[in-house]
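A.B. asks: Can you keep this structure in mind? I'll have questions shortly.
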């Protein structure tokens, strides 16, 4: 197809707000199967809604994105040659001047950090797509990156193709090389939405149980004749004391309650905790240790194992930009030549942190325990506030 990209019809943002209304396991299964077959729209809308509304997934997705977006970006020369230094200068000027926007939300604007944040959405959504418009500013190059929502694409051919409107069933428009930045990653929203639906159903049943059994009923007995002033006074008193469940009986009348409450431990908390633990392990490589409210020194080293995920994410972003952007910038500036410099996201020195933690752990074993609050601030470790 050779459709004009300017003819794309952007739907109202309200169209996606009902993605979770009446969502059931069978409808989610169909959406995921369609996503895997290349029809991305329905599942992409569900992924967006879950990522915004589920308290745990929203926080995990945001942390995963910001951990990489906060890293410092730099351009490094691949050798000491004059050509490498020239390439490095062009790339530095380029990345310091880029503009980034969001097609679905015109209020979202920024620079390099915003671009990395948007590219990191591929960790959850599987893909992230940006339309790239290169432009010259004097002797230097710059570009405008516009993020397109995933529900405007189809992938039935194995390559993303742009649709003219959401829900279009026919083939989309082929994406021109050097005009698009496509980032691919894990696609963790697929298993996360499965966990979400079962956690949501469990929470709903738990809430219904609490509504039905969380407040005791009030039973009043009176010698007054039904309809008399004394009877009405007894009814009002019972109503005031038992807003949800109350009854008034004349003397000699009785009724047996059917107790539906559980005599043992309720299954709902364990099911919800099981899903939350799985989500934490899936997104951050850990468990709910950081949600317990207590800081145990032995779990701190385990927390630092999440640096492996951060390193992999940073490397994926760097390589994607190297292959799709750096190469094009150098070609536009110097002609058809291989880049002698590249952009990278610089990671913190995890080895020095681990060495420091090892010393702290040894001191703790001989009784010299540090202040948990100061230790948490030193390593940026999240602590739940004590109530």
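Residue numbers (my numbering): 1 to 387.
Even glycine gets a Cβ: it sits at the ideal position worked out from N, Cα and C.
#1: Give me the Cα-Cα distance between residue 140 and residue 129, rounded to the nearest whole angstrom.
#2: How big is the Cα-Cα spacing for residue 51 and residue 220?
#3: Distance, Cα to Cα, residue 41 vs residue 204?
#4: Would you tell me roughly how many angstroms separate the C-alpha atoms of residue 198 and residue 100, rounded to the nearest one?
#5: Let me know the alpha helix (DSSP H) ranges lying completely inside the segment 83–119, each 4 residues or longer, listed in chain order.
#6: Given that a residue counts as buried once 16 or more other Cβ atoms are within 10 Å of its Cβ, and exposed if not, what is residue 22?
#7: Kindly give me the distance between the Cβ atoms of residue 187 and residue 125, rounded to whole angstroms, as I take these residues to be in contact under 8 Å.
#8: To the nearest angstrom, how far is it from the Cα of residue 38 to the Cα of residue 64?
#9: Which value, in whole angstroms, describes the spacing of the CA atoms of residue 155 and residue 45?
#10: Since residue 160 and residue 182 should fall inside the 8 Å C-beta cutoff, what is the C-beta to C-beta distance between them, to a whole number of angstroms?
#11: Looking at residue 119: is its Cβ nearer than 8 Å to the Cβ of residue 195?
#12: Take the Cβ of residue 360 as the centre, count every other Cβ of all protein chains shown within 10 Å, and call the residue buried at 16 or more, exposed below.
#13: Which of the three DSSP states is assigned to residue 73 in this structure?
#14: Measure the CB-CB distance between residue 343 and residue 321 and report whether it falls below 8 Å.
#15: Which residues in the same chain have their Cβ closer than 6 Å to the Cβ of residue 144, if we skip the five residues on either side of it in sequence?
#16: Are there 16 or more other CB atoms within 10 angstroms of the CB of residue 32, so buried, or fewer, so exposed?
#17: If you measure between the beta carbons of residue 34 and residue 43, is that distance less than 8 Å?
C.D. replies: Working from what's here:
#1: 25 Å
#2: 49 Å
#3: 27 Å
#4: 37 Å
#5: 112–119
#6: exposed
#7: 7 Å
#8: 26 Å
#9: 15 Å
#10: 6 Å
#11: no
#12: buried
#13: strand
#14: yes
#15: 99, 133
#16: buried
#17: yes
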